[in-house]
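In my numbering, the protein residues as written are 15 to 401.
Here is the structure:
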């Protein structure tokens, strides 16, 4: 059997890289501070500019900065950006997020609602929160624009906009593998591979996988799924054709899929104004026995519901799936005039059980499913008209 020792050694080195590099980061803080002053080219105003020349309150991360900070998805970005808070909702999976900028956003995850912060991937608007928590593998940069940004980004960006710019296929063959491990059984890994095909065509593929044990148990359900358990993967393929220096055509397809347990979800107050909920659950009432709040805030009593056939269905698992494709054409017509056309088609769906009372009794417990499809087309014209 022929073994490629170079590839094996490179894979082992890539796997050990996160552990061997971390201690050096703390010892070389001076270099970190100086690197933050490097010039970053952004496209916050739909054209390439230095971040120092953009008249917008903006924070940008390059790929190197995200690797150094251990940023792997959009939720992590919220830990490092002032005025940005990226939250999840208890009824959803980790692939769904609710970004807030300066306190403006949308907490509701329903497909009939529009967010207050727009999330874009390579210029394509992600209209629903399901699938917005992108894995940031093989990303060129992420831009966070504080709002309002309605002039350039439309009505759903009063809080601001988040631009995710992926790395385009290049003219050099290469790749990378990253592996991380942490507490609560957390494992994360991603890879990308890029290769040119001839002089005018290039192709790249990216994948990521995240797994983590739960943070608590569902006390009254006979299930192996834990509170906050994560098991998800994502992938992206891209191909670019550049027959001339003035014209390029980029095709990209992405997909993410995840399953797991509900986020930690414990009711701390009675949602019924009269206090009826906890009156019914009080042991003295005898109306709904064994539905007191769990002693451990990380545990959930976990509810269930009865389906149309009379079966008992646990409401402690969630699933999310989203995918989409896009075509982007860039054409430089003259030295002062160019245009870009972006067409995209996306779909998303989710399934979840909601246990709004967070007690063992089936008082406010019901299933929820949803799906959404979107098509978008945008024509951008760039030029210097001497104004």
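Glycine included, C-beta positions come from ideal geometry on N, C-alpha and C.
Going by C-alpha to C-alpha distance, which of 399, 363, 359 and 397 sits closest to residue 391? For the purposes of this step, residue 391 is taken as residue 377 along the chain shown, with counting starting at 1. Checked all of 399, 363, 359 and 397; the closest Cα to residue 391 is 359.
Just how far apart, CA to CA, sit residue 405 and residue 171? No statement about residue 405 is possible, as the shown extent of the chain runs from 15 to 401 and does not include it.
Alpha-carbon spacing of residue 399 relative to residue 206, whole angstroms: Reading the chain shown from its first residue, position 385 is the one you call residue 399. Reading the chain shown from its first residue, position 192 is the one you call residue 206. Roughly 41 Å separates the two Cα atoms.
Grab the span of the alpha helix (DSSP H) containing residue 78 for me, first residue to last. The residue you call residue 78 lines up with position 64 of the chain shown. Taken as a continuous stretch (DSSP letters only), the alpha helix (DSSP H) holding residue 78 covers 77-83.
Distance between beta carbons of residue 134 and residue 91, contact taken as under 8 Å: Start at 1 with the first residue of the chain shown, and residue 91 comes out as number 77. Start at 1 with the first residue of the chain shown, and residue 134 comes out as number 120. Not really, about 14 Å apart at Cβ, beyond 8 Å.
Can you list, in chain order, the stretches of the beta strand (DSSP E) that have 3 or more residues and sit fully within the stretch 145-197? Within the stretch 145-197, the complete beta strand (DSSP E) runs of at least 3 residues are 153-160, 174-180 and 188-195.
Excluding the 5 residues flanking residue 142 on each side, which residues of the same chain have their C-beta closer than 6 Å to its C-beta? For the purposes of this step, residue 142 is identified with residue 128 of the chain shown, where counting begins at 1. Cβ-Cβ distances below 6 Å link residue 142 to 125, 362 and 386 in the same chain, with the five nearest sequence neighbours on each side left out; the list follows chain order.
For residue 355, tell me which candidate among 136, 248, 154 and 337 has the shortest Cα-Cα distance. Counted from its first residue, the chain shown places residue 355 at position 341. Nearest C-alpha to residue 355: 136.
Inter-residue spacing [alpha-carbon to alpha-carbon] between residue 276 and residue 382: Within the chain shown, the letter at position 262 stands for residue 276. Within the chain shown, the letter at position 368 stands for residue 382. If I take the Cα positions, the gap works out to 13 Å.
Per DSSP, cross-strand counterpart(s) of residue 201: Taking the first residue of the chain shown as 1, we reach residue 201 at position 187. Residue 201 pairs with 195 and 225.
For the candidate residues 336, 174 and 225, whose alpha-carbon lies nearest to that of residue 196? As a first step, residue 196 is located in the chain shown; it is residue number 182 there, counting from the start. With distances taken between CA atoms, residue 196 lies nearest to 225 out of 336, 174 and 225.
Do residue 266 and residue 216 have their C-beta atoms closer together than 9 Å? Within the chain shown, the letter at position 252 stands for residue 266. Within the chain shown, the letter at position 202 stands for residue 216. No, the Cβ-Cβ distance between residue 266 and residue 216 is not below 9 Å.
Over what stretch of residues does the beta strand (DSSP E) that includes residue 101 continue unbroken? Translated into positions along the chain shown, residue 101 becomes position 87. Residues 98-101.
Evaluate residue 163 with the Cβ neighbour count: other Cβ atoms within 10 Å of its Cβ, from every protein chain shown; 16 or more gives buried, anything less gives exposed. One-based indexing of the chain shown puts residue 163 at position 149. Looking at its Cβ environment, which holds 16 or more other Cβ atoms inside 10 Å, residue 163 is buried.
Note down the Cα distance separating residue 74 from residue 323, rounded to an integer number of angstroms. To locate residue 74, count along the chain shown from 1; it is residue 60. To locate residue 323, count along the chain shown from 1; it is residue 309. In a straight line, the C-alpha of residue 74 is about 52 Å away from that of residue 323.
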